[in-house]
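The letter at position 220 of the sequence shown is residue 220 when you use UniProt numbering, and the numbering goes up by one with no holes. Don't be surprised by glycine CBs; every beta carbon is placed ideally from N, CA and C. Heads up: the structure comes next, in structure tokens.
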Amino acid sequence: MKGLMMQQPLLVSSLLTHAERHHGEQEIVSKRVEGDIHRYRFRDLAKRARCMANALAELGVLPGDRVGTLAWNGYRHMELYYAVSGSGAVLHTLNPRLHLDQIVYMIAHADDRVVFFDVDMLPIVQAIAARIANPIVFVAMTDRTYMPASDGLPGGVLCYEELIDASDDDFEWPHLDENDASSLCYTSGTTGHPKGVLYSHRSTVLHTLAAALPDALNCSAWDTILPVVPMFHVNAWGLPYIACMVGAKLVFPGPRLKGDSLYELIEVERVTMSAGVPTVWQGLLAYVNSQQLSFSSMRRTVIGGAACSPAMIAEFQEVYCVDVLHAWGMTELSPLGTVCSLKPHQVSMPPDERLAIQAKQGRAVYGIDMKIVGDDGEEVPWDNASAGELMVRGPWVVDSYFRCADVRPHRDSWFPTGDIAKIDADGFMQITDRAKDVIKSGGEWISSVDIENVASVHPEVASAVCIAARHRKWDERPLLLIVRKAGSAVTTDELLAFFDGKVARWCKPDAVVFIDAVPLGATGKVLKNRLRDQFQDYFLTA
Ligand code: ADP
């Protein structure tokens, strides 16, 4: 027997129409690439998104066509989120920090018809235009005053504001099938070509509902949200959708993500929550620390994309009274999988124990099921000790990659994440390594993350990375790479002594190498593969 309820598809456009009708007065503030601050309200966003939907139709964009963006976090990018997906086309966000070859690959692979870009991305656009055979319409996301020259772009460049001005806001969002594609994001491609993850309207709306929940990102109309995580990387973890669903004020940082710029925005706009990768917060904390500042409105920050060290969590919470929500996700998961939101019985634990839990990646949000499996593929227990590969499934987990029918990522209808994790009896998952980063010493696994966490607490350490280096006797042994804080002369012996009593003796790194800086990839993650290439023979040649 069928239920007798209204059949309403879950569509991205429904988030915008809700925001317009029920939170029309709510503000969106953007630091623009042009250098100034722009303010308007959800109802202006909705109106301009409808104009842009008409403009896209004028440009010949059809349902299902891919529309690329090369843009920072800002209101025009947000308009495209809704105009493109809402009208039935597919928003393809491109990461400008990736190598040019990868950007060219992704645009060609996705067959983007139109590419919108922030004016400071012009050099990238000029470089890629010459290398892509298909005709592409380029649109600069600015007004006539700031329009760039169109050198090297045979078809010229259109002006975003002129398209808006020339279009009517009379547009009905179409009643699409909720399983139609809404947006497309490629994985960073640390191995092989980037792979496209094609989200649907349904997966996006369900992800938005779950991510906004109190035990997930905990967003409401009372919040002012600063998404530092880029809109070009997995839809800024869903925040542009969540803000419309709950009616939260949005503050977009534009291209400048340095500590001073972020701090000013947080204070002036009274930001209550923000979200980003650990590297960005390192910069913010260093600035706030050096200037002896404090946060007057920020209550919590979501940290994910890479492991957040207990030292960073402690500093945010104990020095600045900002709660940290550690979260784990992947492009393939839209991206949210787990959030480390404490359960009631954990709140009264001694601070050290509580901190140890908060440093875990957290428990599954509703919609995501997870398990860990050993080498034999069998599930291993949730005993906080047994480690295995983390497998997930759920309505916003990738089924197969875009135009990659030959790659079937699943094993027994579970998606293998490539992360190695353990899970405790309360269901809190902790990543101990990427599968390729684990250190296999004499048949035993050593977690590089455990070693990094210990080293990062040392007062003279700015950054710590642990890699597997080849070893004649043990196959692999941990090698610790350290960036010292400015002015520090901390020695190898002092650092190694710091591990005594904190990890098992056989897990202690065998050596320390001091480096000037940690190489970071396009999404702010440590490029361990580059460090491995450089140092993996350290013990063979030392
Ligand atoms: P890519 O895998 O393409 O670099 P993603 O952004 O999809 O890009 O990265 C997902 C991976 O990032 C996860 O599989 C995991 O290894 C890592 N990751 C994400 N969040 C965390 C976290 N909180 N702690 C540790 N690792 C994380």
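Any non-hydrogen atom of the ligand ADP closer than 8 angstroms to residue i Cβ
i	result
histidine 326	yes
serine 188	yes
glutamine 306	The question names glutamine, but residue 306 is alanine in the sequence shown. Yes, the beta carbon of alanine 306 sits closer than 8 angstroms to at least one heavy atom of the ligand ADP.
glutamate 318	no
lysine 525	yes
isoleucine 423	no
glutamate 332	yes
glutamine 361	yes
proline 519	no
arginine 411	no
glycine 329	yes
arginine 434	yes
valine 157	no
residue 561	It is not possible to answer for residue 561, since the shown part of the chain is limited to 1 through 542.
glycine 418	yes
valine 407	no
aspartate 233	One detail in the question is off: residue 233 reads as histidine in this sequence, not aspartate. At least one heavy atom of the ligand ADP is nearer than 8 angstroms to the Cβ of histidine 233, so yes.
valine 449	yes
proline 335	yes
Same chain only: Cβ atoms within 7 angstroms of residue i, ignoring 5 sequence neighbours per side
i	result
glutamine 430	Lys360, Gln361, Ala421 and Lys422
isoleucine 103	Leu94, Ile124 and Ile128
glycine 254	Ser30, Lys31, Arg32, Val33, Trp72, Asn73 and Gly74
aspartate 111	Arg66 and Asn134
leucine 257	Val228 and Val280
leucine 176	Pro9, Leu11, Gly88 and His201
arginine 131	Val104
leucine 206	Leu10, Gly367, Pro395 and Trp396
methionine 106	Leu94, Tyr186 and Pro194
Cβ separation of residue i and residue j, assumed to be a contact under 8 angstroms, to the nearest whole Å
i	j	result
tryptophan 396	serine 85	With a Cβ gap of about 15 angstroms, tryptophan 396 and serine 85 do not count as contacting.
lysine 436	glutamate 476	Lysine 436 to glutamate 476, Cβ: 12 angstroms. No contact.
tyrosine 82	alanine 55	Incorrect: roughly 13 angstroms between the Cβ atoms, too far for contact.
threonine 331	alanine 364	The Cβ separation is near 18 angstroms, so there is no contact.
phenylalanine 535	leucine 481	7 angstroms
aspartate 36	leucine 70	Wrong, their Cβ atoms sit about 21 angstroms apart, outside the cutoff.
phenylalanine 539	alanine 469	5 angstroms
valine 438	phenylalanine 499	That pair is no contact at about 18 angstroms.
Inter-residue Cα distance where the pair is residue i and residue j
i	j	result
threonine 142	alanine 517	36 angstroms
valine 288	cysteine 159	39 angstroms
isoleucine 266	phenylalanine 138	33 angstroms
glutamate 494	serine 448	19 angstroms
phenylalanine 295	glutamine 7	46 angstroms
glycine 259	alanine 133	41 angstroms
lysine 508	aspartate 369	34 angstroms
residue 569	aspartate 450	The requested residue 569 does not occur in the structure, where the chain is confined to residues 1 to 542.
serine 13	valine 280	31 angstroms
glutamate 20	methionine 245	10 angstroms
leucine 531	tryptophan 445	20 angstroms
glycine 304	methionine 1	43 angstroms
alanine 522	glycine 238	19 angstroms
threonine 224	methionine 273	6 angstroms
glutamine 282	proline 459	14 angstroms
methionine 121	proline 240	22 angstroms
valine 380	aspartate 419	15 angstroms
proline 335	aspartate 433	18 angstroms
proline 351	arginine 300	18 angstroms
Short CB-CB distance (under 9 angstroms) between residue i and chain D
i	result
arginine 434	Looking at the structure shown, chain D is missing, and only one protein chain is on hand.
DSSP bridge partner residues for residue i (one or two, in chain order)
i	result
proline 230	For proline 230, which the question treats as bridged, DSSP gives no partner whatsoever.
lysine 440	Trp445
tryptophan 414	Arg411
tyrosine 160	Looking at the DSSP assignment, tyrosine 160 forms no beta bridge with any residue, so it has no partner.
isoleucine 423	Met429
threonine 69	Thr93 and Phe116
leucine 390	Ile372
glutamate 476	Arg470
tryptophan 328	Thr338
threonine 492	Paired residues: none, contrary to the question.
alanine 511	Leu479
residue 564	There is no way to answer for residue 564, as the model of the chain reaches only from 1 to 542.
cysteine 185	Val197
Sequence-distant residues of the same chain with beta carbon closer than 8 angstroms to residue i, five excluded per side
i	result
valine 483	Val461, Ala462, Ser463, Ala464, Phe514, Ile515, Asp516, Ala517 and Val518
lysine 195	Tyr186, Thr187, Gly189, Tyr401, Phe402, Cys404 and Val407
leucine 153	Val125, Gln126, Ala129 and Phe138
alanine 236	Asn73, Pro227, Val229, Pro230 and Ala275
glutamate 315	Leu285
Contact set for residue i: own chain, Cβ-Cβ below 6 angstroms, skip 5 residues either direction
i	result
valine 457	Ala311
cysteine 51	Ile164, Ser167 and Asp169
threonine 492	Val512
glutamate 452	Ala464 and Cys466
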